[in-house]
Each structure stands twice: as C-alpha cells, then as structure tokens.
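Numbering of the sequence shown is given in the numbering used here, commencing with residue 18 and proceeding in unit increments.
Cβ coordinates follow ideal geometry from the N, Cα and C atoms, glycine included.
Keep in mind the model is a prediction, meaning the values are calculated, not measured.
Only one structure is covered here, and it is reproduced in the block below.
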Amino acid sequence: VYEFRLLAKKLQQDDRIVYLEQVKKKMDMDQELQELIKKFNLLQYEYRVEMVKEEGVRDDAKLEQINKDMIAVYSDIMANEFMMEYNECKNDVDQLTQLIQTIITAAINGGDPMIAQVPEGGCSGSCSSCSGCGI
18 VYEFRLLAKK LQQDDRIVYL EQVKKKMDMD QELQELIKKF NLLQYEYRVE
68 MVKEEGVRDD AKLEQINKDM IAVYSDIMAN EFMMEYNECK NDVDQLTQLI
118 QTIITAAING GDPMIAQVPE GGCSGSCSSC SGCGI
C-alpha cells in the first residue's frame, strides 16, 4: 500500500493533473464566472423552494421563468473560456483515471496490468455489461 501511495503522489505531478489545478485557480479568480455560478445556485434554490409548495400554491409560471433563467445562466457559465478549458482538462483527467482504474482492476483480477486498456466506447463500470477489457 505504501508503494501505491508513492505512485499516487507521483501521479499528482502528471501534466494533465497539474494543468487541471491551474485551470481551477483561473476559474476561482474569474469574478464574472463566480457571479454566474452564484446566480445559478440562487436560481436553483428558488426553483426548489417553489417546487416543494403544494399544488394550487405553487406558481407554475414562476417555475417556468426560473427554469428559463437557469438555462440561460448555465449557458453563460459553459461558454466561459475557463469553464470550457476546465471541461477539456477534466475529460483528459477522467480518461487517465479510467485507465488507472482498468489497470488496477486487471491486476486484482489476475490479468496483466501491463496490457490492460480501457475498452473502446469507454467503461460503464459494470463488468457484467462489458464485452471485455481483458480482465
């Protein structure tokens, strides 16, 4: 386990992970993005508050407007340059994580961790639905 922890420490130095952390910091420093996120969270809260009201008291028109506002704000968030950069970096890190999980699973199941690969189309996480990754 100690050796695995050392490998995990080394993994933190991977360019993809280092870059992801840098992008997270950029996102945190972007005031416009942070304001959009706050606005989105507030809209979500308002939506939940209205949604739990009993029928007849709940204002469906208000819910519809809040939903439209949430969609617009979400679109603005996702169009932010740092958010787009984050999503791209996050996908790279997720692919790395999936490969690492595949290698570990192969080793645990007696497969060869040196040749284990993530199946094309990705891994659902359920071996019962898998056509085979060699583990």
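Exposure of residue i, with buried meaning 16 or more beta-carbon neighbours within 10 Å
i: Met100; result: buried
i: Leu60; result: buried
i: Leu23; result: exposed
i: Leu50; result: buried
Whole-angstrom distance between residue j and residue i, CA atom to CA atom
i: Val135; j: Val69; result: 43 Å
i: Thr122; j: Glu63; result: 43 Å
i: Met131; j: Leu53; result: 45 Å
i: Leu80; j: Phe57; result: 14 Å
i: Ile34; j: Arg65; result: 35 Å
i: Phe18; j: Ala133; result: The identity of residue 18 in the sequence shown is Val, whereas the question assumes Phe. Straight-line Cα distance between these residues: approximately 21 Å.
Simplified DSSP assignment, three categories, for residue i
i: Met131; result: coil
i: Arg75; result: coil
i: Lys41; result: helix
i: Ile152; result: In this prediction, Ile152 scores a pLDDT of 48, lower than 50, which makes its location untrustworthy; the coordinate-derived value is nonetheless stated afterwards. The answer is coil: DSSP assigns Ile152 none of H, G, I, E or B.
i: Asn58; result: helix
i: Asp47; result: coil
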